[in-house]
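J.: Protein chains in written order, with the working numbering: chain Y, 629 to 837; chain E, 629 to 837. C-beta: ideal position from N, C-alpha, C; glycine also. Just so it is clear, the structure is predicted and the values come from calculations on it, not from any experiment. Would you mind keeping the following structure in view while I ask a few things?
Number of protein chains: 2
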Amino acid sequence: METHLQQEQSVQRRGFLAVLSGPSSAGKSTLLNTILHKIPRLCYSISATTRPPRPGERDGEDYFFLNVETFKHMAATGELLEWAEYCGNLYGTPRQYVEESMAQGKIVITDINIAGARQIRDTMPEGVFIFLMPPSLGELRKRIVNRGVDTEESMRMRMAEAVAEMSAVTDYDYCILNDNLNEAATNLIAILQAERCRVRRTVLHMLGQ
Amino acid sequence: METHLQQEQSVQRRGFLAVLSGPSSAGKSTLLNTILHKIPRLCYSISATTRPPRPGERDGEDYFFLNVETFKHMAATGELLEWAEYCGNLYGTPRQYVEESMAQGKIVITDINIAGARQIRDTMPEGVFIFLMPPSLGELRKRIVNRGVDTEESMRMRMAEAVAEMSAVTDYDYCILNDNLNEAATNLIAILQAERCRVRRTVLHMLGQ
Chain Y
629 METHLQQEQS VQRRGFLAVL SGPSSAGKST LLNTILHKIP RLCYSISATT
679 RPPRPGERDG EDYFFLNVET FKHMAATGEL LEWAEYCGNL YGTPRQYVEE
729 SMAQGKIVIT DINIAGARQI RDTMPEGVFI FLMPPSLGEL RKRIVNRGVD
779 TEESMRMRMA EAVAEMSAVT DYDYCILNDN LNEAATNLIA ILQAERCRVR
829 RTVLHMLGQ
Chain E
629 METHLQQEQS VQRRGFLAVL SGPSSAGKST LLNTILHKIP RLCYSISATT
679 RPPRPGERDG EDYFFLNVET FKHMAATGEL LEWAEYCGNL YGTPRQYVEE
729 SMAQGKIVIT DINIAGARQI RDTMPEGVFI FLMPPSLGEL RKRIVNRGVD
779 TEESMRMRMA EAVAEMSAVT DYDYCILNDN LNEAATNLIA ILQAERCRVR
829 RTVLHMLGQ
């Protein structure tokens, strides 16, 4: 499939935004890291943040590092597809980076929680929304425990939140069951490849519509 | 991908009808034959016809062989998704076979001309409509000539028809450019696999919606 996508550069296609979302600890970032370097012209959406850079982090590569004033101005003027506060810092998805990458025919992908995906659906409804479903509640609990970063109380809260969030799946285009990483990756790659064949991204694009 | 689809049988999914269409000589049946035995639970829609069986042809396997009266009754009562006359015989797609196969979770695929696909869109709009685009008019002409079954006049008509039919692509969900059989097959397989991950065929199906 990799070779195939590489060959295909002669066909002019419109890029698109793919949003991978799902309950906490469904395995979103692991899945994304598995496929990210397997597909040419797939790029990860770079977030903006007000938290200071850590050693080695580079502006415009790891994050767009912004001061609070600039961030809030962007949020107010629709320049962020979504944003949220986390641990006292602001995080968001700059619209400009996504749109410029799409204009170059790229697939921009982001992994984000359910609330963030909902905001993106409001600001960019033409995106492709993919829900990653944890295999079972038992397995989900195991993953949350194995992260080892949460207290017992926060683990209980994460579980309750995840269960509540499951119902959001009905707003999505696709659902991938993450009971096997390899299988989930094959499905995600197929979805991205199929979406590139959409009439509105190929023919209508070439016709300028 | 084959192995992957074979593993996946534990997930309950709703089947669907995939319609592969496009201009005459775009390469529909060659492409379909390439992928047909590579995907488990993919089956070819069996047509009904009033032409007599040829030696070796079996009813319910190669065709459903019907008399004219039965065929016309089925057409009149909506039991055919589409039908047409060709060389004095009637051909059509029986709804029952498609629906029974879908109920078993199968993907039913058919290759059909543009007019037939349009009829199917009217009778089963929830189908997945895939347009196969010949690589160029020059290449299309070569294919029509290479078939060697047409007179010069009929070849000219086929070309004119094909050009006129190109504009139908805007009514389709997907467009595959057939400039390379292997690439076209990979795209078709990705589309079928992605469509199996649609929320309405997995989660909503499990919820009985």
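Would you mind reading off the limits of the alpha helix (DSSP H) that contains Y/THR698?
T.: Walking along the first sequence from the start, residue 698 of chain Y turns up at place 70. Counting along the chain, the alpha helix (DSSP H) containing Y/THR698 begins and ends at 696 to 704.
J.: Spatial neighbours of Y/ALA745 within its chain, please: CB distance less than 7 Å, with the 5 preceding and 5 following residues excluded, ordered by chain position.
T.: Against the first sequence, residue 745 of chain Y aligns to sequence position 117. Excluding sequence neighbours, Y/ALA745 sits near VAL647, SER649, PHE757.
J.: Can we say the region 670 to 680 of chain Y touches the region 715 to 727 of chain Y, given the rule of at least three CB pairs closer than 8 Å?
T.: yes
J.: With distances taken between CB atoms, is the gap from E/SER652 to E/GLU789 smaller than 8 Å?
T.: In the second sequence, the residue the question calls residue 652 of chain E occupies position 24. In the second sequence, the residue the question calls residue 789 of chain E occupies position 161. Yes, they are a contact pair.
J.: Check for me: the beta strand (DSSP E) holding E/ASP739 runs from which residue to which?
T.: Start at 1 with the first residue of the second sequence, and residue 739 of chain E comes out as number 111. First-last of the beta strand (DSSP E) with E/ASP739: 735 to 739.
J.: Quick one, are the C-beta atoms of E/MET752 and E/ILE804 less than 8 Å apart?
T.: For the purposes of this step, residue 752 of chain E is taken as the residue at position 124 of the second sequence. For the purposes of this step, residue 804 of chain E is taken as the residue at position 176 of the second sequence. No, the Cβ-Cβ distance between E/MET752 and E/ILE804 is not below 8 Å.
J.: For Y/ARG826, which three-state DSSP category applies?
T.: Position 198 of the first sequence, counted from the first residue, corresponds to residue 826 of chain Y. Residue state for Y/ARG826 is assigned as strand, using DSSP reduced to three classes.
J.: Which first and last residues belong to the alpha helix (DSSP H) in which E/ALA790 is found?
T.: Here the question's residue 790 of chain E lines up with position 162 in the second sequence. E/ALA790 -> alpha helix (DSSP H) spans 780 to 794.
J.: Does the beta-carbon of Y/ARG775 have 16 or more other beta-carbons within 10 angstroms, so that it is buried, or is it exposed?
T.: Indexing the first sequence from 1 puts residue 775 of chain Y at position 147. Under this definition Y/ARG775 is an exposed residue.
J.: List, in chain order, every chain E residue whose beta-carbon is nearer than 7 Å to that of Y/ASN695.
T.: The residue you call residue 695 of chain Y lines up with position 67 of the first sequence. Within 7 Å Cβ-Cβ: nothing; Y/ASN695 doesn't reach chain E, min ~40 Å.
J.: Please list the terminal residues of the continuous alpha helix (DSSP H) segment that includes Y/ALA745.
T.: What you label residue 745 of chain Y is simply residue 117 of the first sequence in a count that begins at 1. Where Y/ALA745 is concerned, the enclosing alpha helix (DSSP H) stretches over 742 to 751.
J.: What does DSSP give as the partner residue(s) for Y/LEU805 in the beta ladder?
T.: The residue labelled residue 805 of chain Y in the question sits at position 177 within the first sequence. Paired residue(s): Y/MET761.
J.: Check whether the Cβ atoms of Y/ARG641 and Y/GLY733 lie closer than 8 Å to each other.
T.: Within the first sequence, numbered from 1, the residue matching residue 641 of chain Y stands at position 13. Within the first sequence, numbered from 1, the residue matching residue 733 of chain Y stands at position 105. Result yes, Cβ atoms of Y/ARG641 and Y/GLY733 sit closer than 8 Å.
J.: Are the beta-carbon atoms of Y/GLU909 and Y/ILE748 separated by less than 8 Å?
T.: This structure leaves residue 909 of chain Y out entirely; chain Y is present only between 629 and 837.
J.: Among the residues of its own chain, which have a CB less than 6 Å from the CB of Y/ALA812, if the five just before and after it don't count?
T.: If you number the first sequence from 1, residue 812 of chain Y lands on position 184. Contacts found: LEU659, ILE804, ASN806.
J.: Determine the extent of the beta strand (DSSP E) in which Y/LEU670 is found, giving its start and end residues.
T.: Here the question's residue 670 of chain Y lines up with position 42 in the first sequence. Looking at the DSSP string, the run of the beta strand (DSSP E) that includes Y/LEU670 is 670 to 672.
J.: Is there a C-beta anywhere in chain Y that falls below 8 Å from the one on E/ASP801?
T.: The count along the second sequence starts at 1 and reaches residue 801 of chain E at position 173. Yes, its Cβ sits closer than 8 Å to a Cβ of chain Y.
J.: Please decide whether Y/ASN815 counts as near chain E, where near means a Cβ-Cβ distance under 8 Å.
T.: Locating residue 815 of chain Y in the first sequence gives position 187, counting from the first residue. Closer than 8 Å to some Cβ of chain E, the Cβ of Y/ASN815 qualifies, so yes.
J.: Ignore the nearest five residues each way along the sequence and tell me which others in Y/GLN821's own chain have a CB closer than 6 Å to its CB.
T.: One-based indexing of the first sequence puts residue 821 of chain Y at position 193. Cβ within range, chain order: n/a, list empty.
J.: How should E/THR738 be labelled, buried or exposed, when 16 other C-beta atoms within 10 angstroms of its C-beta is the threshold for buried?
T.: Here the question's residue 738 of chain E lines up with position 110 in the second sequence. Its Cβ being crowded by 16 or more others within 10 Å, E/THR738 is buried.
J.: Could you tell me whether the Cβ of E/ILE742 comes closer than 8 Å to any Cβ of chain Y?
T.: Working through the second sequence from its first residue, we reach residue 742 of chain E at position 114. It does not: the Cβ of E/ILE742 has no partner Cβ on chain Y nearer than 8 Å.
J.: So if I threshold CB-CB distances at 7 Å, which residues from the region 645 to 656 of chain E count as touching chain Y?
T.: With the criterion set as a beta carbon lying under 7 Å from some beta carbon of chain Y, the region 645 to 656 of chain E has no members that meet it.
J.: For E/ASP799 versus Y/ARG826, is the C-beta spacing smaller than 8 Å?
T.: For the purposes of this step, residue 799 of chain E is taken as the residue at position 171 of the second sequence. For the purposes of this step, residue 826 of chain Y is taken as the residue at position 198 of the first sequence. Contact: no.
J.: Against E/ILE819, what residues of chain Y qualify as contacts under a CB-to-CB distance less than 7 Å, listed in chain order?
T.: Locating residue 819 of chain E in the second sequence gives position 191, where the first residue counts as 1. Result: ALA822, CYS825.
J.: In chain order, what residues of the same chain have a beta carbon less than 6 Å from the beta carbon of Y/PHE699, not counting five sequence neighbours either side?
T.: Residue 699 of chain Y sits at position 71 when you count from the first residue of the first sequence. Here the set comprises THR678, LEU718.
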